């Protein structure tokens with residue numbers, strides 16, 4: 001086998017490169033273009049992704065700030081409403097308690113006044129009854145004294161022999177009227193319509209018999 005010279009090898013390699021360039025040059029160039037385009041597209045995608053992430057982050061921050069502000073505002077409004085309701089409820093409760101206390105006070109005062117009025121009227125009635133009783137007792141004592149004085153006077157007259165049977169009957173009738181009063185009148189009215197029983201008539205006696 002013959003010896004290959006360096007010049008021949010270089011020439012052959014150069015020819016191979018040329019042949020390769022002729023055979024695969026357009027393919028390599030196409031792939032290189034595609035790769036370059038892919039790299040550019042990847043760079044754009046990375047840039048777009050970065051921008052998108054930044055935009056999303058900004059939007060999320062804005063949304064968070066907006067929600068936080070709205071939530072704080074709502075919470076503040078709710079707290080104010082709760083405070084107002086609490087204050088209103090407390091005022092209403094105090095007002096109702098005041099009304100209940102006032103009603104109880106008026107009721108106690110009315111009951112106490114009623115007790116005092118009843119006690120006063122009861123005492124006044126007791127006093128009136130006591131005075132009426134004393135007056136009746138005094139009237140009865142006076143009437144009793146008058147009756148007994150009249151009886152004593154009539155008995156004295158009888159002892160003196162100055163009273164006849166008719167006078168004695170009148171005396172007894174007057175005495176019965178003083179003692180019985182109106183109760184005796186209907187009985188006497190019925191008695192006048194019936195025959196007189198001789199057993200109840202006083203016997204005719206001399207006036208001298210009353211002197212004993």
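In our numbering, the protein residues as written are 1 to 212. Glycine included, each C-beta is placed from N, C-alpha and C at the ideal position. Computed from a predicted model, the values in this text were never measured in an experiment.
Using CA atoms only, rank isn't needed, just tell me which of the options is closest to residue i.
i	options	result
residue 151	170, 138, 139, 135	170
residue 177	86, 147, 156	147
Tell me the DSSP secondary structure of residue i in three-state form.
i	result
residue 39	helix
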